[in-house]
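Undergrad: Just so you know, we're using our numbering here: the sequence shown kicks off at 96 and counts up by one.
For each residue, glycine too, the CB sits at the ideal point set by N, CA and C.
Since the structure is predicted, the reported quantities are computational estimates derived from the model, not experimental observations.
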Amino acid sequence: MATSSYLNRSTPGVYITEIDAFGTSIVGVATAVPLFVGYTECAGDPTTGNPLYNTPVKISSMAEFNRYFGGPAPFHYLVQPTSSLEPDLIAEMNDGAGGSTAQSFDLVRRAGMPAFNLYWQMRLFFANGGGDCYIVSAGSYWANQQPAEAGSAAATWLPGSIAASDLIDALAAGGLATGPTMIVIPEACTLTQADYASVAQAMLAQASTLQDRMAILDLPNCLEATTFAALQDCQSNFWEAIAPQIASASYGAAYAPGLNSTIVGRGDVLFPALAGLTPMANVAINGILTTQANSLYKTAQLSSVQSAIAAAFPLPAGTGVPNDVQYSGDASNYPAPVSNPGGTVAWQIALTNLLVNTLPIYAQIEDMVADRIDVQPPSGMLAGVWTKSDTMSGVWNAPANIALAAVSGPLYAMSDAEQGG
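1. Using the C-alpha atoms, what's the distance from GLY225 back to VAL128?
2. Let me know the secondary structure DSSP gives MET208 once reduced to three states.
3. In whole angstroms, give me the CA-to-CA distance for ALA376 and ALA370.
4. Quick test of the definition: if touching needs 3 or more C-beta pairs under 8 angstroms, does the region 153-173 touch the region 317-334?
5. Closest by CA to ALA158, which one among ARG205, SER398 and ASP227?
6. Does DSSP classify ASP183 as helix, strand or coil?
7. Just verifying my parser: in three-state terms, what is the DSSP assignment at ASP201?
8. Spatial neighbours of THR394 within its chain, please: CB distance less than 8 angstroms, with the 5 preceding and 5 following residues excluded, ordered by chain position.
9. Cα-Cα, which of ASN239, ALA258 and GLY139 is closest to ALA249?
10. Only counting the same chain, and skipping five residues up and downstream in sequence, which positions put a Cβ closer than 6 angstroms to that of TYR392?
11. For GLN296, count neighbouring Cβ atoms within 10 angstroms of its own Cβ and tell me buried if that reaches 16, exposed if not.
12. How many angstroms separate the CA atom of LYS153 from the CA atom of ALA272?
13. According to the Cβ coordinates, are VAL231 and GLY475 closer than 9 angstroms?
14. Below 9 angstroms between beta carbons: does that hold for GLU282 and LEU219?
15. Would ILE337 pass as a contact of GLY347 if the rule is Cβ separation under 9 angstroms?
16. Going by DSSP, what residue range makes up the beta strand (DSSP E) through ALA295?
17. DSSP beta-bridge partners for GLY475?
18. Nearest CA to the CA of PRO146: which residue from ALA512, GLN241 and GLY362?
19. So, using beta-carbon positions, are ILE383 and MET217 closer together than 9 angstroms?
20. Between which two residues does the alpha helix (DSSP H) containing ILE456 stretch?
21. What residue does the alpha helix (DSSP H) around CYS228 start on, and which one ends it?
22. Rounded to whole angstroms, what is the Cα-Cα separation between SER423 and ALA478?
23. Could you check the C-alpha separation between ARG162 and GLY139 for me, to the nearest Å?
24. I need the straight-line Cα distance from PRO151 to LEU354, nearest angstrom please.
25. With a floor of 4 residues, list each alpha helix (DSSP H) that falls wholly inside the region 343-386, ordered by position along the chain.
26. Give the single residue among LEU326, ALA495 and THR453 whose Cα lies nearest to the Cα of THR386.
27. Kindly indicate which three-state DSSP category GLN421 falls into: helix, strand or coil?
28. What does ALA56 pair with, by DSSP beta-bridge criteria?
29. In whole angstroms, what is the alpha-carbon distance linking GLN301 and ASP511?
30. Going by the CB atoms, is the gap between ALA243 and GLY360 shorter than 9 angstroms?
31. In the DSSP output, what is ALA427 paired with across the bridge?
32. Reducing DSSP to helix, strand and coil, say where THR196 ends up.
33. Just list the residues that DSSP pairs TYR172 with in beta bridges.
34. Among the residues of its own chain, which have a CB less than 6 angstroms from the CB of ALA261, if the five just before and after it don't count?
35. Can you name the residues that DSSP bridges to PRO167?
36. Check whether the Cβ atoms of PHE323 and GLU181 lie closer than 9 angstroms to each other.
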């Protein structure tokens with residue numbers, strides 16, 4: 096019977112440990128570091144105060160983003176009467192004769208207010224596993240203004256706009272940064288077809304030229320596509336947009352549909368978001384709230400609630416009188432602070448909470464506003480998913496079958512047959 100040569104082995108009594116004289120020859124590099132390009136409240140070094148527009152800034156948390164780039168863009172919606180067969184809201188309005196009638200209203204974004212979304216995209220990026228990333232601010236939320244500190248906007252500043260030229264210039268600045276492996280420009284999907292094409296081609300061209308990153312694109316107009324036919328149009332427009340850069344298509348990935356997120360809540364919506372630029376624009380919402388106040392409260396309670404309505408949504412002179420049954424006109428119980436920004440914010444929060452807690456119809460309208468803002472492009476979230484996948488599973492596994500955080504569902508739920516087609 097043969098015996099194994101490995102049996103009864105003896106070991107030496109001396110061991111030698113070899114210590115490397117040099118580091119490892121292969122150094123690990125990050126594989127999922129997005130470069131985000133878009134508009135911010137400000138862009139400045141919190142230590143020196145120097146402006147940082149068109150400058151890549153590396154961050155690793157939402158707190159750092161807030162320090163360098165501030166908060167979300169102001170958003171404004173108006174409640175307006177409509178004859179649509181599918182209105183956003185049906186509410187009772189006092190008929191002036193002691194009764195009320197149901198009327199139809201739409202929630203309309205105020206004209207001239209762009210849908211800046213980089214701030215919300217960053218929150219979704221970190222919520223879905225994002226880590227280190229680079230931010231390049233293409234400009235502020237206001238026209239011809241470049242504040243270096245958050246909270247420095249003046250009431251006289253006019254809203255800015257989302258311009259392809261701004262995004263392309265910021266993208267070029269981001270191309271000088273060493274470290275990013277992905278390019279994400281979430282606001283590009285809100286541009287016109289021609290402007291979207293310019294930005295998408297620039298993203299693919301940079302990825303192809305540098306060969307150290309790839310582009311994550313949203314389909315054009317994907318935030319409005321609520322049907323399969325609309326998504327097909329988005330797809331056709333996308334291929335048309337990138338056709339001149341089709342040789343670089345392998346350096347990009349495109350996603351759709353838009354997503355219903357849960358990142359924006361009722362607490363993010365203060366009453367100025369629903370107030371008109373002029374008192375005349377407040378007539379509809381003031382009437383809706385006053386009608387419900389009259390149905391729920393009497394005497395002193397009614398007077399207090401009506402005063403809160405009048406403070407938040409003032410009326411044109413002569414439209415309403417104190418405790419009028421149709422409109423609220425006396426705001427004396429809730430005077431706004433004068434020349435005190437901190438006090439103004441606290442006053443807005445307190446008045447908003449009062450309206451939410453006393454008038455269910457107002458809480459419903461605020462939820463509608465939050466739902467509108469919660470419709471977000473998928474690129475920022477997918478950048479977070481890519482980061483999470485590389486961290487947990489390695490770069491050799493595709494970032495697939497990973498549940499999205501802070502998302503309630505797609506804007507349009509495609510069937511398997513539609514997805515396969």
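TA: Taking the coordinates as given:
1. 9 angstroms
2. coil
3. 8 angstroms
4. no
5. ASP227
6. coil
7. strand
8. none
9. ASN239
10. VAL400
11. buried
12. 10 angstroms
13. no
14. no
15. yes
16. Segment 288-305 is the alpha helix (DSSP H) holding ALA295; no beta strand (DSSP E) there.
17. In DSSP, GLY475 forms no bridge with anything.
18. GLN241
19. no
20. 455-469
21. No alpha helix (DSSP H) contains CYS228, which is instead part of the beta strand (DSSP E) from 228-235.
22. 48 angstroms
23. 8 angstroms
24. 28 angstroms
25. none
26. THR453
27. coil
28. Nothing about residue 56 can be read from this structure; the chain reaches only from 96 to 516.
29. 34 angstroms
30. no
31. For clarity, residue 427 is Ser in the given sequence; the question names Ala instead. In DSSP, SER427 forms no bridge with anything.
32. strand
33. ARG204
34. Correcting the residue identity first, residue 261 is Asp in this sequence and not Ala. Closer than 6 angstroms at the Cβ level, and outside the excluded window around ASP261, lie ALA233 and GLY234.
35. Answer by DSSP bridge pairing: none, since PRO167 is not bridged.
36. no
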